[in-house]
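Straight run, no breaks: the sequence shown in my numbering ends on number 317.
Each residue gets a CB set at the ideal place from its N, CA and C atoms; glycine is no exception.
Read through the structure below, which is laid out as structure tokens, and then see the notes.
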Amino acid sequence: MQNARDAAHSHKSRRHDEAHALAVELARVPLDERLRRAAELGRAVFTTSLGLEDQVLTAAIARSGAAIAVKTLETGRLFPETVELIGVTRQRYGIELEEVHPAEADVQAFVNAYGLNGFYESVEARHACCDARKMKPLAIALASADVWITGIRRGQSQNRADTPLAEYDPVRDLIKINPLADYDLETLKDLVAIEDIPVNPLHARGFPSIGCEPCTRAIKPGEPERAGRWWWENDEKRECGLHVPSAASPIKTEAGKAH
Ligand code: SF4
Numbered sequence: 059m060q061n062a063r064d065a066a067h068s069h070k071s072r073r074h075d076e077a078h079a080l081a082v083e084l085a086r087v088p089l090d091e092r093l094r095r096a097a098e099l100g101r102a103v104f105t106t107s108l109g110l111e112d113q114v115l116t117a118a119i120a121r122s123g124a125a126i127a128v129k130t131l132e133t134g135r136l137f138p139e140t141v142e143l144i145g146v147t148r149q150r151y152g153i154e155l156e157e158v159h160p161a162e163a164d165v166q167a168f169v170n171a172y173g174l175n176g177f178y179e180s181v182e183a184r185h186a187c188c189d190a191r192k193m194k195p196l197a198i199a200l201a202s203a204d205v206w207i208t209g210i211r212r213g214q215s216q217n218r219a220d221t222p223l224a225e226y227d228p229v230r231d232l233i234k235i236n237p238l239a240d241y242d243l244e245t246l247k248d249l250v251a252i253e254d255i256p257v258n259p260l261h262a263r264g265f266p267s268i269g270c271e272p273c274t275r276a277i278k279p280g281e282p283e284r285a286g287r288w289w290w291e292n293d294e295k296r297e298c299g300l301h302v303p304s305a306a307s308p309i310k311t312e313a314g315k316a317h
């Protein structure tokens, strides 16, 4: 028993070290190279929510030719604009962009227990809905992945301020790469304009961060980027659980500059 515990501990410690070294390496190279390096590490999956960051990453994946599967969690509660963007993006970049849907039985169980929009009533209900519509589908999306790529950035919220370029996810036992962690929003907007990347029209209507329709509102000037997500909850609870911080140490590039 002790031996099994020691082996598990040393496996995790080795993987943390691996991720730390990778983050140092990625900090020195531009975006396309970050993606190619990610694909070299094994089966790589990028989960996109079709937000501005994710659209920049999808364009970069298509451009770089890196072998990365692109998947989205189609929760069944997305904005129509987001659903439309899935098709537009497929067409524009000629990629598969797989939709992963929640299991009907899980959604029904949630609705039976809490009601369709029961997530407004309690944190427990909200987590149950996110579990059925996001967490379980995410597990399916990542089932065969060695590497998970995300579009999260340090500037999106206080919760994400220490996001490393690469980290070990001990829950899923994979390497998570956040190639845009050190980018700022203005740089990404410039890339969208220069490359004519298709983005969600809701961004122009005050939605910098877009999730499910009933759980996202536009933000007011001066509010943090993710203030419109689950706005009725406390700040520290405003995550759906997809991006639970791991214990990996963040590696920041000089002054958090974008590459
Ligand atoms: Fe349900 Fe809202 Fe979570 Fe979407 S964001 S899964 S609608 S609680």
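- Here DSSP, grouped into helix, strand and coil, assigns V87 to coil.
- Contact check for T274 against G209 fails: the beta carbons are separated by 8 Å or more.
- The stretch 181-191 and the stretch 98-115 do not touch, with fewer than three beta-carbon pairs separated by less than 8 Å.
- Our two residues, D231 and R63, have alpha carbons roughly 16 Å apart in a direct line.
- R135 has its Cβ nearer than 7 Å to a heavy atom of the ligand SF4.
- Here V114 is buried: its Cβ has 16 or more other Cβ atoms, across all protein chains shown, within 10 Å.
- In the DSSP assignment, the residues bridged to D227 are L232.
- Under the criterion of beta carbons closer than 8 Å, A239 and R212 qualify as touching, at roughly 6 Å.
- Contact between the stretch 157-173 and the stretch 129-142 is established, with three or more Cβ pairs separated by less than 8 Å.
- Within the stretch 183-210, the beta strand (DSSP E) runs of at least 3 residues that lie entirely inside it are, in chain order, 205-207.
- A direct Cα-to-Cα measurement between D189 and L110 gives close to 24 Å.
- Contact between K234 and L300 is absent: CB atoms are separated by about 11 Å, not below the 8 Å threshold.
- In this structure, the ligand SF4 has a non-hydrogen atom nearer than 7 Å to the beta-carbon of K192.
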